[in-house]
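One structure is given here, and the rest of the page talks about it.
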Amino acid sequence: MRNTERYTVPEEVVELPDLEQYSAVYRELPLLRRILLWFRVWLGGKSLPAVLREMEQQRLIHSMQRSYSDIIDTGSLMLLAGFYEPLREVSRRAAPMRAVVDVINREKRTAFVLGVLKVSEPEVSAQLEAAAELPEEILDNYAITAAEATTQLRRRMQEALDIHAAQIKKRIVPVLLGVHGFTALANVSWESLVPPADAVQNRIPLKAVRGELVELHRQLQWCRKFPVVEELALAAEIASNRLGRSFAAPQDLWKHLDAADAAVPFEDLIRIALEEPGAIIHPASHDAGQWWPALGEEYLHNLNGGPALLRHRTFRLESLMREEFGVNAPPVTWLPVALYQRSAGALRRLALGADFRRTRVLAGSISREESLLSPINRKQLLDAHVALDQHIDELESLIGTGENRGKIGEEMKRLNDSTGDKSIIRVQLASLIGRHRPRVRVLLDDALAALGTIQNVCAEEYRPIARAMPQIGTVLAETLGSTSPVTVLDRIVQRYPLLVAVLQGLVAIEDEITATPTQ
912 MRNTERYTVP
922 EEVVELPDLE
932 QYSAVYRELP
942 LLRRILLWFR
952 VWLGGKSLPA
962 VLREMEQQRL
972 IHSMQRSYSD
982 IIDTGSLMLL
992 AGFYEPLREV
1002 SRRAAPMRAV
1012 VDVINREKRT
1022 AFVLGVLKVS
1032 EPEVSAQLEA
1042 AAELPEEILD
1052 NYAITAAEAT
1062 TQLRRRMQEA
1072 LDIHAAQIKK
1082 RIVPVLLGVH
1092 GFTALANVSW
1102 ESLVPPADAV
1112 QNRIPLKAVR
1122 GELVELHRQL
1132 QWCRKFPVVE
1142 ELALAAEIAS
1152 NRLGRSFAAP
1162 QDLWKHLDAA
1172 DAAVPFEDLI
1182 RIALEEPGAI
1192 IHPASHDAGQ
1202 WWPALGEEYL
1212 HNLNGGPALL
1222 RHRTFRLESL
1232 MREEFGVNAP
1242 PVTWLPVALY
1252 QRSAGALRRL
1262 ALGADFRRTR
1272 VLAGSISREE
1282 SLLSPINRKQ
1292 LLDAHVALDQ
1302 HIDELESLIG
1312 TGENRGKIGE
1322 EMKRLNDSTG
1332 DKSIIRVQLA
1342 SLIGRHRPRV
1352 RVLLDDALAA
1362 LGTIQNVCAE
1372 EYRPIARAMP
1382 QIGTVLAETL
1392 GSTSPVTVLD
1402 RIVQRYPLLV
1412 AVLQGLVAIE
1422 DEITATPTQ
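So this is what it looks like as structure tokens:
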């Protein structure tokens, strides 16, 4: 800070020259002028540099009197209508935006950046959003884990951020700098600089507003460099949503900023106010802030491949069961996630599917044909067929079928309907889930293994089984109805593998994303 008799001036804002610097002015004067100056020094008792400064100050005032008599009364140093009239339109448009910039500055900066990016760089924003989606090759890989999917998502997103970093920064930095500058401009003491239109006294003492004048000039120059019209419109929309009031960004604000800057000689007015004709006004400086790391963290932090895999595998399984196995029963929504709501519920519903039931009946008939298969394959098929029936029956006993909720469902209903202490009920529910979870998982694994064995045997022995289809079809005519036994066989051979893969992938994801047995 430099303390003068007139004004305490921050050195980073206004640079005030030392008196000795006026000696350079003296050396440029003609000889006669220099002699006259020495007489003034001798008669006035002032130093030569001080006299030179006064001379430059008077020359500046005379110049303003000739060219800007409507802006300043150089005799009384009063600002006139010519000064504040060009600013009145800027003030009128800037005042309502104070609430807007206040909202922007209260908002999480990353949220504002994301909004600006979506509006101003929609292609880049869309590509970043696309990078947060799992590609088909990962979604359709039922062996991939949620952790692996998340790792690949983060890698894809980081690559997308790296590719677009320069373009994003080039676009966002001026916006943030413009908003910072406009925040400062909106908060200028307009009441001091622009009297009301109906004010009786329209003359403003120049020295009384020199600080405000300095800041207005600096921020005006800054804002003119960053005409963020679209972004202020977006900011106005954000403020409108947050405050429940309608704000419209002034589209022609920069036209009035330019007009005010062209009409008013700000720097010379400031020099006269400071009585420093050599004063240098430094431009305003704003920092865009550390928004880039926060933006990257925003994109990377919430990436989680588990939910996407869970949704995809659930959808794929639902489509497969409906289209290939005739399942029409609704999902089991009451079953807790920790008890394999999707996979166990799907297997229970699968048993009700007409086409799936036909595959089980056909597999049982094949396993009972003693001369059709090799002894080993026949035993494997028979064991798998019996085991699958047992596992499905036990699963039905645990979680029911149709309106029957089964053992687990009834216990849960009893606890949920209880009027006892809620904390105790939560502990009891957790205990219930923990007690049944291992058995449900075993039933799922064994049932899927049985399905896999049935498919393997039927695929290996496909030709002899297919040759026996007319005979088997006659025996099962009532059960199969109009469905060809070969169609049912092909469904076992061709669709069981995908059914098993999707169910196994679903079980794995349910295991992985279930943090505790109580979820």
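Using our numbering, the first residue of the sequence shown is number 912, and each one after it goes up by one. Backbone N, C-alpha and C define an ideal beta-carbon position, used for all residues, glycine too. Values in this document were obtained by computation on a predicted structure and should not be read as measured data.
- Comparing C-alpha distances from Glu-1305 to each of Ala-1010, Ala-1262, Leu-1096 shows the shortest one belongs to Ala-1262.
- For Trp-1202, the uninterrupted alpha helix (DSSP H) run begins and ends at 1202-1212, by DSSP.
- The beta carbon of Tyr-1407 sits closer than 6 Å to those of Leu-1362, Gln-1366, all from its chain and outside the five residues before and after it, given in chain order.
- In terms of Cβ geometry, Glu-1032 and Ser-1254 do not form a close pair [threshold 8 Å].
- Between the C-alpha atoms of Phe-1226 and Val-1397 there is a straight-line separation of about 28 Å.
- When the five nearest sequence neighbours on each side are left out, the beta carbons in the same chain lying within less than 7 Å of the beta carbon of Asn-1215 are those of Thr-1061, in order along the chain.
- The shortest C-alpha to C-alpha distance from Pro-997 to any of Ala-1205, Val-1120, Trp-1101, Met-1323 is the one to Trp-1101.
- In this structure, DSSP gives Thr-1270 a helical state, which the three-state scheme calls helix.
- Cβ-Cβ separation between Ala-1171 and Leu-1131: approximately 7 Å, consistent with a contact (criterion under 8 Å).
- Secondary structure at Asn-1367: helix, using DSSP grouped into helix, strand and coil.
- Contact between the stretch 984-991 and the stretch 1143-1159 is absent: fewer than 3 CB-CB pairs across the two stretches fall below 8 Å.
- Between the beta-carbon of Glu-1142 and that of Val-1001 there is about 18 Å, and that puts the pair past the 8 Å contact cut.
- Listed as beta-bridge partners of Pro-1116 by DSSP are Met-989.
- Each of Lys-1290, Trp-1202, Thr-1364, Phe-1236 was checked against the Cα of Glu-1018, and the nearest Cα belongs to Trp-1202.
- Under the three-state reduction of DSSP, Val-1175 is assigned to coil, being neither helix nor strand.
- The criterion of a C-beta distance shorter than 8 Å is not satisfied by Ile-1335 and Leu-1250.
- The stretch 1265-1352 contains, as complete alpha helix (DSSP H) runs of 4+ residues, the segments 1265-1278, 1286-1310, 1317-1327 (chain order).
- Assigned with DSSP and collapsed to three states, Val-1139 falls in coil, not helix or strand.
- Excluding the 5 residues flanking it on each side, Val-1084 has same chain C-beta neighbours closer than 7 Å at Ala-1199, in chain order.
- Annotated three-state conformation of Glu-1423 is helix, per DSSP.
- By the neighbour-count criterion, in which 16 or more other beta carbons inside 10 Å mark a residue as buried, Ser-1230 falls on the exposed side.
- Each residue's CA atom was taken as its position, placing Leu-1387 and Gln-1291 some 22 Å apart.
- According to DSSP, residue pairing for Asp-984 in a beta bridge involves Met-989.
- DSSP, read as helix, strand or coil, puts Val-1090 in helix.
- Its Cα nearest to that of Leu-963, the residue Glu-1186 stands out among Glu-1372, Glu-1186, Arg-1289, Trp-1133.
- Around the beta carbon of Ile-1191, a 10 Å sphere encloses fewer than 16 other beta carbons of the protein chains shown; the residue is thus reported as exposed.
- Comparing C-alpha distances from Ala-1054 to each of Arg-1346, Thr-1425, Ile-1424, Ala-1412 shows the shortest one belongs to Ala-1412.
- Burial is judged here by how many other beta carbons sit within 10 angstroms of a residue's own beta carbon; Leu-1221 has at least 16 and is buried.
- Under the criterion of beta carbons closer than 8 Å, Asp-1357 and Ala-1298 qualify as touching, at roughly 6 Å.
- Residue burial is scored here from C-beta neighbours: Pro-1176 has at least 16 other C-beta atoms within 10 angstroms and is therefore classed as buried.
- Of Arg-1337, Val-925, His-1296, Asn-1016, the smallest CA-CA separation from Arg-1153 is found for Asn-1016.
- Ala-1043 and Glu-1423 do not touch by the CB rule: their CB atoms are close to 19 Å apart, not below 8 Å.
- In this structure, DSSP gives Glu-1102 a helical state, which the three-state scheme calls helix.
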